[in-house]
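Residue numbers (UniProt numbering): 1 to 399.
Built from N, CA and C at the ideal position, the CB exists for glycine as well.
Here the structure comes first, spelled out in structure tokens, and everything after it is commentary.
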């Protein structure tokens, strides 16, 4: 593979632009239900969800455009889908949505600190991957069961969404979740209560939320959200870029995404980070045979996210006014692939399997102790088991 630094980065690439728009479409459509579900779970109103979607669209777009243009590398930015799944699993905390916003602000600050202070980033990277994957799988398990539980509560729509996902996935896997989302959104729009509500919040707006900082939210949301964002988004995102011979410096990425996250959190926006799933759409040869022009894909993807911010009002109203079980079903389908990857990463190494499974099971249990959510306790108990079972590698005697 050609080096990304040796080829000239001149000329517009329509192919890269198309890849960027596709990445934005897939990234938005495949997980917007997860984001909305996560925000509403921690207490956001419809207006606050709209505000969060508007601001996170601009945060993703501006940072992706700025970083990719400045570095001439396909640095794609996304919202933290696993983090929003964590919010859905955590639920409301003491202090309501204002406390969740305070936790979002702290998460952004921690990402900035990770950029300024390299040991913090190394500590996050030092978390055993099986444990990080076990925590992520435990977070995602409940949501991934939702599509099948929805069949008993709304069989008609749920079966239609599942069938769409399965059939389209057989033909074009990349479009399976967006197609299922389109069917679900169509059902929401046809629903009488959802259709009547559309006139209430079509125009996107921004609502300031005064953050509240509580111990429960800081330990139960901010710390797990930071770990999930770093371990499940930023580190894999860097790995995807490295797979295509791109090695951008981490400091400007963490500083930009952390600052954008902290600022937009004041309007209810979730954390932004390196894209992990859609990053390959912009960084692979499919975006452009010339590695030096693939940055245009990430740049145009950022433009796409800003355009999608204008649809926040319509999207949020349709989703929030629809049956919660349907939203959970769509969110679960969007996360099946992520759950499978996390589960495989958790149990693949036999020496870490027990600790990873403890992490997964404690996280999935919903355990809450001292006001702290299960994701934190899962990582803590799994880490304790890991240390208990850890043995130094024995040195082979010299022959």
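task: Determine the extent of the beta strand (DSSP E) in which residue 12 is found, giving its start and end residues.
output: Premise fails: residue 12 is in no beta strand (DSSP E) and is neither H nor E.
message: Can you tell me whether residue 150 is helix, strand or coil according to DSSP?
response: helix
- prompt: What alpha helix (DSSP H) runs, 4 residues minimum, are completely inside the stretch 67-122?
  reply: 81-90 and 96-116
- request: Out of 352, 329, 337 and 298, state which residue places its alpha-carbon closest to the alpha-carbon of residue 25.
  value: 298
- request: Would you mind listing the beta strand (DSSP E) stretches within the stretch 200-278 that are 3+ residues and don't spill past its ends, in chain order?
  value: Counting only runs of 3 or more, we get 272-274.
- prompt: What does a CB cutoff of less than 7 Å around residue 142 pick up in its chain, not counting 5 residues either side in sequence?
  reply: The residues are 89 and 364.
- prompt: To the nearest angstrom, how far is it from the Cα of residue 197 to the Cα of residue 381?
  reply: A caution first: residue 197 carries a pLDDT of 49, below 50, which makes its placement in the model unreliable, though a value can still be read off. Rounded to whole angstroms, residue 197 to residue 381 spans 45 Å at the Cα level.
- request: Answer with buried or exposed for residue 205, where buried requires no fewer than 16 other C-beta atoms within 10 angstroms of its C-beta.
  value: exposed
- request: Kindly indicate the opening and closing residues of the alpha helix (DSSP H) around residue 365.
  value: 353-365
query: Taking contact to mean at least 3 C-beta pairs separated by less than 8 Å, is the stretch 247-264 in contact with the stretch 16-23?
result: no
- prompt: Helix, strand or coil: how does DSSP classify residue 294 here?
  reply: Residue 294: coil per DSSP, three-state reduction.
- prompt: Nearest-angstrom Cα distance between residue 92 and residue 81?
  reply: 18 Å
message: For the alpha helix (DSSP H) containing residue 382, name the first residue and the last one.
response: 374-389
message: Using C-beta distances below 6 Å, list every residue in its chain close to residue 305, excluding the 5 sequence neighbours before and after it, in chain order.
response: 24, 57, 60 and 61
field: Inter-residue spacing [alpha-carbon to alpha-carbon] between residue 194 and residue 307
entry: Confidence in residue 194 is poor, its pLDDT being 47 and thus under 50, which makes the residue's placement unreliable; the coordinate value appears in the next sentence. Rounded to the nearest angstrom, the two C-alpha atoms are 23 Å apart.
query: Can you give the Cα-Cα distance for residue 192 and residue 316, rounded to whole angstroms?
result: Legend: pLDDT at residue 192 = 45, less than 50; position of this residue unreliable, no value from coordinates given.
task: Grab me the residues of residue 225's own chain with a C-beta within less than 8 Å of its C-beta, minus the 5 sequence neighbours each way, in chain order.
output: 80, 83, 86, 87, 103, 104, 107 and 271
query: residue 273 to residue 77, Cα distance in whole Å?
result: 6 Å
task: Kindly give me the distance between the Cβ atoms of residue 53 and residue 259, rounded to whole angstroms, as I take these residues to be in contact under 8 Å.
output: In fact, because the Cβ distance is near 20 Å, the residues do not count as touching under 8 Å.
- prompt: residue 198 by DSSP, collapsed to three states: which one?
  reply: Any reading at residue 198 must be qualified, since the residue scores a pLDDT of 49, below 50, and its modelled position is unreliable; the value itself is stated next. Correct three-state label for residue 198: helix.
field: Simplified DSSP assignment, three categories, for residue 127
entry: coil
message: Using a Cβ-Cβ cutoff of less than 6 Å, which residues in the same chain neighbour residue 71 once the five nearest sequence positions on both sides are dropped?
response: 248
- prompt: With distances taken from CA atoms, which of 11, 375 and 31 is nearest residue 337?
  reply: The shortest Cα separation from residue 337 among 11, 375 and 31 belongs to 31.
- request: Give the single residue among 389, 343, 383 and 377 whose Cα lies nearest to the Cα of residue 134.
  value: Closest option to residue 134, Cα to Cα, is 343.
message: Residues in the same chain with beta-carbon distance under 6 Å from residue 261, minus the five sequence neighbours each way, listed in chain order, please.
response: 108, 271 and 272
Contact belief for residue 302 with residue 65 at Cβ below 8 Å, rounded distance in angstroms: 4 Å
query: Is the Cβ-Cβ distance between residue 171 and residue 180 less than 9 Å?
result: Their beta carbons are not under 9 Å apart, which means residue 171 does not touch residue 180 by this criterion.
- prompt: Quick one: what's got a C-beta closer than 7 Å to residue 27's C-beta in the same chain, skipping five residues either side?
  reply: 78, 275 and 278
field: Own chain residues within Cβ distance below 6 Å of residue 390, not counting five before or after
entry: none
- prompt: Terminal residues of the continuous alpha helix (DSSP H) containing residue 159?
  reply: According to the DSSP assignment, residue 159 belongs to the alpha helix (DSSP H) that extends over 155-171.
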